[in-house]
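J.:
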Amino acid sequence: MPPPDSSYVPFANRETSSPHRPWTPSSRVSEFSRPPPSNVSYEPSDLNGSPRPGTPSSRYGGSPRRPLPPAPLFSNSGRNSQAFADDATVSIPLDGSDDVFGPETDLSDSRPLPTQRDSFMSGSQETLNEDTEDYAKVEHYGPAPDGAQERRGVRAPQMSKKEVQLINGELVLECKIPTILYSFLPRRNEVEFTHMRYTAVTCDPDDFVERGYNLRQSIGRTTRETELFICITMYNEDEICFTRTMHAVMKNISHFCSRSRSRTWGENGWQKIVVCIISDGREKIHPRTLDALAAMGVYQHGIAKNYVNNRAVQAHVYEYTTQVSLDADLKFKGAEKGIVPCQLIFCLKEKNSRKLNSHRWFFNAFGKALNPNVCILLDVGTRPGSNSLYHLWKAFDTDSNVAGACGEIKAMKGRFGSNLLNPLVASQNFEYKLSNILDKPLESVFGYITVLPGALSAYRYHALQNDETGHGPLSQYFKGETLHGQHADVFTANMYLAEDRILCWELVAKRGERWVLKYVKSCTGETDVPDAVPEFISQRRRWLNGAFFAAVYSLVQFRQILATDHTIARKILLYIEFVYQFVQLLFTYFSLANFYLTFYFVAGGLTDKTVDPFGHNIGSVIFTILRYTCVLLIATQFILSLGNRPQGAKKLYLASMIIYGVIMTYTSFACIYIVVRQLTGKSQDFAIGNNVFTNLIVSMTSTIGLYFVMSFLYLEPWHMFTSSLQYFLLLPSYICTLQVYAFCNTHDVTWGTKGDNVIKTDLGGAVGKGETVELEMPSEQLDIDSGYDEALRNLRDRLAVPASPVSEAQMQEDYYKSVRTYMVVTWMIANGILAMAISEIYSDKGIGDNFYLRFILWAVASLAIFRALGSTTFAIINVINIVVEGRIRMNFKVPTWMGGFGSKISEKVSSVGSSLKS
1 MPPPDSSYVP FANRETSSPH RPWTPSSRVS EFSRPPPSNV SYEPSDLNGS PRPGTPSSRY
61 GGSPRRPLPP APLFSNSGRN SQAFADDATV SIPLDGSDDV FGPETDLSDS RPLPTQRDSF
121 MSGSQETLNE DTEDYAKVEH YGPAPDGAQE RRGVRAPQMS KKEVQLINGE LVLECKIPTI
181 LYSFLPRRNE VEFTHMRYTA VTCDPDDFVE RGYNLRQSIG RTTRETELFI CITMYNEDEI
241 CFTRTMHAVM KNISHFCSRS RSRTWGENGW QKIVVCIISD GREKIHPRTL DALAAMGVYQ
301 HGIAKNYVNN RAVQAHVYEY TTQVSLDADL KFKGAEKGIV PCQLIFCLKE KNSRKLNSHR
361 WFFNAFGKAL NPNVCILLDV GTRPGSNSLY HLWKAFDTDS NVAGACGEIK AMKGRFGSNL
421 LNPLVASQNF EYKLSNILDK PLESVFGYIT VLPGALSAYR YHALQNDETG HGPLSQYFKG
481 ETLHGQHADV FTANMYLAED RILCWELVAK RGERWVLKYV KSCTGETDVP DAVPEFISQR
541 RRWLNGAFFA AVYSLVQFRQ ILATDHTIAR KILLYIEFVY QFVQLLFTYF SLANFYLTFY
601 FVAGGLTDKT VDPFGHNIGS VIFTILRYTC VLLIATQFIL SLGNRPQGAK KLYLASMIIY
661 GVIMTYTSFA CIYIVVRQLT GKSQDFAIGN NVFTNLIVSM TSTIGLYFVM SFLYLEPWHM
721 FTSSLQYFLL LPSYICTLQV YAFCNTHDVT WGTKGDNVIK TDLGGAVGKG ETVELEMPSE
781 QLDIDSGYDE ALRNLRDRLA VPASPVSEAQ MQEDYYKSVR TYMVVTWMIA NGILAMAISE
841 IYSDKGIGDN FYLRFILWAV ASLAIFRALG STTFAIINVI NIVVEGRIRM NFKVPTWMGG
901 FGSKISEKVS SVGSSLKS
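Reading the sequence shown from the start, the letters are residues 1 to 918 in UniProt numbering.
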């Protein structure tokens with residue numbers, strides 16, 4: 001734009017050929033002479049080629065705060081294109097490329113003159129005459145609108161009534177996808193890409209197929225065989241958590257399609273994969289998550305209905321094959337980024353019925369309709385690796401005896417591991433890594449993994465089916481959903497807090513079968529872990545109680561293994577694992593006493609004047625203070641756990657964890673000091689036997705050392721350097737705070753599901769707007785008097801009020817609490833007796849002569865060695881399987897001079913791999 005010359009005055013009065021300045025709220029007279037501002041830098045009328053957003057008056061000369069070059073004149077622009085100005089201004093040509101009406105022509109004077117505009121308040125039209133101006137009659141802005149206003153440019157959906165033909169008496173709609181989504185789809189040749197299918201399901205999930213409901217994969221041209229069925233369950237997670245999981249799943253589907261040499265997968269491998277998203281409660285789902293689903297095309301607002309022919313809708317099922325994905329940054333990814341089509345089923349449950357009910361929809365409704373081979377379970381927020389789902393599926397493809405498998409769950413460490421600065425997150429990271437290095441591989445070798453985490457696990461659908469009598473893994477799995485009243489004892493109710501453990505047991509112990517469970521190291525998934533104390537305690541309450549009671553259940557039912565078709569070797573391995581679990585269960589039950597005794601003997605070792613590192617009997621004083629603090633803190637834990645929620649006592653729980661950390665720090669210092677003193681003492685010998693060197697140094701070094709050795713063996717040692725210190729400091733809190741809270745809340749068998757929030761309507765309501773309402777009340781004096789007479793008559797006749805019976809819910813709560821009391825008292829007495837008896841017996845003996853401390857330390861070391869042996873065996877088997885299955889491409893050929901001997905070696909290796917897999 002050329003700069004103005006010195007003869008141009010931007011605020012000079014125009015001739016009658018130019019438009020008059022509209023009235024503004026600040027204008028009080030018909031003529032307003034605006035003085036030119038001094039030293040004002042004028043801004044261009046466009047920004048990067050786009051018109052500058054201005055005020056309503058910017059078209060006619062800008063605003064007082066942002067003066068703009070004047071708009072082109074409407075008429076006689078050629079005759080009055082300039083005015084006079086001082087030397088500080090320059091001219092701006094009005095007939096040029098900046099003129100929105102185009103360059104001046106012979107028809108310039110015939111441009112339309114805006115002589116009419118609408119009034120915002122009166123709704124009438126005011127005529128603006130060039131010659132007579134009456135600004136008092138012109139209303140330009142009007143008052144500000146009341147309430148929230150709709151976004152400009154967004155058209156409100158217009159609803160209309162249509163007649164729709166029901167299919168088998170059920171509401172099924174084929175709805176066109178939005179135009180914008182349709183415009184950039186690479187594939188538009190099938191109805192699954194151009195239409196979203198909605199089904200209003202009015203039956204229980206168990207009756208889905210029997211009632212005649214179908215999915216797209218079983219009708220018309222989209223009839224396909226489903227090899228992999230993926231379930232993603234969610235509750236009220238936001239769009240970030242959802243897109244994190246969904247985008248990772250779609251990248252995994254792309255990996256399936258990239259395996260062009262596979263007999264099962266390939267370019268059209270996406271047609272064998274169905275992703276089912278199940279949301280627990282229509283009113284609970286996050287609105288932005290619905291927006292993300294709508295952006296992918298699988299959800300449309302305003303289609304779902306509450307009733308179909310007076311039958312309540314139980315779930316809203318949306319089906320669509322999407323070709324776009326949203327990443328965690330909410331950016332669209334399509335075919336240009338390698339995204340392939342994905343068959344989606346979005347089930348929006350009408351009511352909040354817990355996660356177990358969502359799995360019942362997945363297995364008993366949609367699974368029965370699709371009859372898949374492998375089912376994968378994911379939680380929203382879990383981000384599987386780019387090829388993790390393939391490795392999970394491959395475990396079933398290579399071994400027909402595998403009924404279930406799981407991957408490695410990792411804690412999200414944040415950008416550059418920033419989350420590890422939180423000790424709670426770091427301790428959980430260490431705990432997860434040790435479980436994935438020691439526990440899961442050990443259990444996989446035996447063939448029975450106690451729990452396949454619901455965040456990332458898979459099952460063979462055929463293995464889950466019940467027998468002809470209706471008994472089987474799925475019936476036991478969903479039994480927890482129907483437990484109510486006193487028919488559900490505390491043991492069973494707590495056991496079904498971890499119903500995935502029950503499912504694992506029922507698979508391995510299924511009558512007449514030889515199913516095993518497998519851990520897939522190459523399958524990984526990242527998930528959020530609690531980063532606050534209340535959420536952490538609440539989560540572990542359900543985990544610990546469910547794990548404890550499920551372990552008791554499996555140990556009691558161990559005879560079921562005899563009715564299976566497992567080989568003798570497999571049964572022996574399973575019974576060995578049961579013994580190991582029994583020992584672990586005993587240590588868990590007496591963990592409170594064992595923690596106190598370990599602290600008592602190790603920290604008490606510094607009370608000896610010959611060992612006291614501080615002198616002047618300071619070690620004895622510190623130990624006495626910490627001992628009484630520990631006892632009082634444990635007692636406080638019981639009071640807190642019985643009377644307070646973690647969310648309501650955050651500071652108390654946090655303070656207790658800090659004090660436990662101090663106690664653990666001093667105990668560790670005492671242990672290290674005794675070890676160093678033992679190693680540096682001149683008169684000490686290092687012989688293996690009943691001495692301090694053997695009981696303390698060898699046992700503890702073997703335990704900690706095995707953690708390092710196995711971590712390096714799996715090439716994952718970093719958690720030992722970044723998270724081990726936080727874990728060991730919080731270890732007393734794991735034992736005392738979490739265990740005490742879990743046992744003191746065995747009566748609480750909820751999952752954190754919201755209670756009954758239905759508003760009662762027996763009293764009526766007051767309905768209205770503003771300051772007035774409508775309500776029902778006695779209208780005549782006679783009605784008021786009759787109510788008073790009835791009250792007096794009841795008092796005079798002393799009418800007995802029938803006692804309301806105790807509700808079933810109250811009876812259940814009383815029963816649960818009474819059993820909880822018996823359990824807590826028994827557990828507390830057992831641990832108290834053990835702690836008092838051992839502390840009294842060995843109070844005057846040193847560490848070297850303490851048999852119980854020696855037993856505890858060596859038992860922990862023995863369990864660590866046992867876990868390390870199982871983990872090493874798993875690693876060896878895994879390497880053999882990799883070689884046998886050809887995952888490592890070795891350019892090795894048997895020399896011809898070896899003759900048949902090379903073939904025999906190859907056959908021998910193959911047979912070893914096959915036997916190990918079976």
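For each residue, glycine too, the CB sits at the ideal point set by N, CA and C. The structure presented is a predicted model; accordingly, all values stated were derived computationally and were not measured.
The alpha helix (DSSP H) spanning K394 covers which residue range?
T.: Here the alpha helix (DSSP H) through K394 covers 388-398.
J.: Give me the residue from G619, V374, K305, V298 with the minimum Cα distance to I345.
T.: With distances taken between Cα atoms, I345 lies closest to V298.
J.: For F708, which residues from the same chain have a beta carbon less than 8 Å from its beta carbon, with the 5 sequence-adjacent residues on both sides left out?
T.: P717, M720, listed in sequence order.
J.: From the DSSP secondary-structure annotation, give me the bridge partner or partners of Q343.
T.: Answer by DSSP bridge pairing, in chain order: V274, T321.
J.: Residues in the same chain with beta-carbon distance under 6 Å from A395, minus the five sequence neighbours each way, listed in chain order, please.
T.: Cβ within range, chain order: V402, A405, K518, V520.
J.: Go through its chain and collect everything with a Cβ distance to C736's Cβ below 7 Å, but skip five positions before and after it.
T.: Answer for C736: L592, F595, I634, Q637, Y660, listed in chain order.
J.: Please determine, among T321, S702, K272, A248, the residue with the shortest C-alpha to C-alpha distance to C195.
T.: Here the sequence assigns His to residue 195, which means Cys is not the residue at that position. H195 has its Cα closest to that of T321, out of T321, S702, K272, A248.
J.: Can you name, in chain order, every residue of its own chain whose Cβ lies under 7 Å from the Cβ of N236, other than the five neighbours on each side?
T.: Closer than 7 Å at the Cβ level, and outside the excluded window around N236, lie K284, I285, H286.
J.: Mapping DSSP to helix, strand and coil, what is G212?
T.: Here G212 sits in coil by DSSP.
J.: Can you tell me where the alpha helix (DSSP H) with L738 in it begins and where it stops?
T.: No alpha helix (DSSP H) contains L738, which DSSP labels as neither H nor E.
J.: On the criterion of 16 or more Cβ atoms from any shown chain inside 10 Å, does Q647 qualify as buried, or is it exposed?
T.: With fewer than 16 Cβ atoms within 10 Å of its Cβ, Q647 is classed as exposed.
J.: What does the alpha-carbon distance come out to for the pair V621 and A426?
T.: Whole-angstrom Cα-Cα distance: 33 Å.
J.: Report yes if the CB atom of F416 is closer than 8 Å to the CB atom of I576, and no otherwise.
T.: Not closer than 8 Å, so no.
J.: Between I167, R541, Y198, G546, which lies nearest to N745 when the distance is taken from Cα to Cα?
T.: Among I167, R541, Y198, G546, the Cα nearest to that of N745 belongs to R541.
J.: State yes or no: is the C-beta of L392 within less than 8 Å of the C-beta of I230?
T.: No; because the gap between Cβ atoms is not below 8 Å, this pair is not in contact.
J.: Hey, how far is the Cα of S124 from the Cα of A144?
T.: Note that S124 has pLDDT 39, beneath the 50 cutoff, so the model's placement of it is unreliable and no number is given.
J.: Quick check on R449: does DSSP put it in helix, strand or coil?
T.: Residue identity differs from the one stated: residue 449 is Ile in this sequence, not Arg. Looking at I449 - three-state DSSP - the assignment turns out to be coil, as it is neither helix nor strand.
J.: Can you name, in chain order, every residue of its own chain whose Cβ lies under 8 Å from the Cβ of residue 921, other than the five neighbours on each side?
T.: There is simply no residue 921 to check, as the chain begins at 1 and stops at 918 in what is shown.
J.: Leaving aside the five residues before and after P341 along the sequence, list all residues of the same chain whose C-beta is less than 6 Å from its C-beta, in chain order.
T.: Excluding positions up to five away in sequence, the list reads W270, T321, Q323.
J.: Provide the residue(s) that pair with E481 in DSSP beta bridges, ordered along the chain.
T.: Looking at the DSSP assignment, E481 forms no beta bridge with any residue, so it has no partner.
J.: Buried or exposed: where does I568 fall if 16 or more other Cβ atoms within 10 Å of its Cβ makes it buried?
T.: Flag for I568 reads exposed.
J.: To the nearest angstrom, how far is the alpha carbon of L507 from that of L389?
T.: Spanning the two alpha carbons is a distance of roughly 21 Å.
J.: Write down the C-beta distance between D528 and G334 rounded to the nearest angstrom, noting that I regard them as a contact closer than 8 Å.
T.: Going by Cβ atoms, the distance from D528 to G334 rounds to 28 Å, so no, they are not a contact pair.
J.: Which value, in whole angstroms, describes the spacing of the CA atoms of R354 and R360?
T.: Approximately 10 Å, taken between the alpha carbons.
J.: In terms of residues, what are the limits of the alpha helix (DSSP H) holding L853?
T.: Looking at the DSSP string, the run of the alpha helix (DSSP H) that includes L853 is 851-884.
J.: Suppose you measure from the CA of V308 to the CA of T202; what does that come to, to the nearest Å?
T.: So the alpha carbons of these two residues sit roughly 8 Å apart.
J.: Just to confirm, are A328 and I232 a CB contact at a threshold of 8 Å?
T.: No, the Cβ-Cβ distance between A328 and I232 is not below 8 Å.
J.: Spatial neighbours of S522 within its chain, please: CB distance less than 7 Å, with the 5 preceding and 5 following residues excluded, ordered by chain position.
T.: Result list for S522: H391, in chain order.
J.: Are V374 and E350 closer than 8 Å when you measure CB to CB?
T.: Contact: no.
J.: How long is the line joining the alpha carbons of F84 and L330, rounded to whole angstroms?
T.: Residue confidence for F84 is low, a pLDDT of 36 falling below 50, so the modelled location carries little weight; the figure read from the coordinates is stated next. Cα to Cα, the separation comes out at about 55 Å.
J.: Assess contact between the stretch 665-673 and the stretch 596-612, defined as three or more Cβ pairs (one per stretch) separated by less than 8 Å. Is contact present?
T.: A contact exists between the stretch 665-673 and the stretch 596-612.
J.: Answer with buried or exposed for D565, where buried requires no fewer than 16 other C-beta atoms within 10 angstroms of its C-beta.
T.: The residue in question, D565, is exposed, as its Cβ has fewer than 16 Cβ neighbours within 10 Å.
J.: May I have a chain-ordered list of the beta strand (DSSP E) segments no shorter than 3 residues that lie completely inside the UniProt domain "Chitin synthase N-terminal" (160-227)?
T.: Those beta strand (DSSP E) runs which fall completely within the UniProt domain "Chitin synthase N-terminal" (160-227) and span 3+ residues are 172-176, 195-201.
J.: Would you kindly work out how many angstroms separate the C-alpha atoms of T703 and A861, rounded to a whole number?
T.: When rounded, the distance between both Cα atoms is 5 Å.
J.: Examine the Cβ distances between the stretch 577-592 and the stretch 827-844 and report whether three or more of them are shorter than 8 Å.
T.: Contact holds: three or more Cβ-Cβ distances are below 8 Å.
J.: With K410 as the anchor, note down where its beta strand (DSSP E) starts and where it stops.
T.: Here the beta strand (DSSP E) through K410 covers 402-411.
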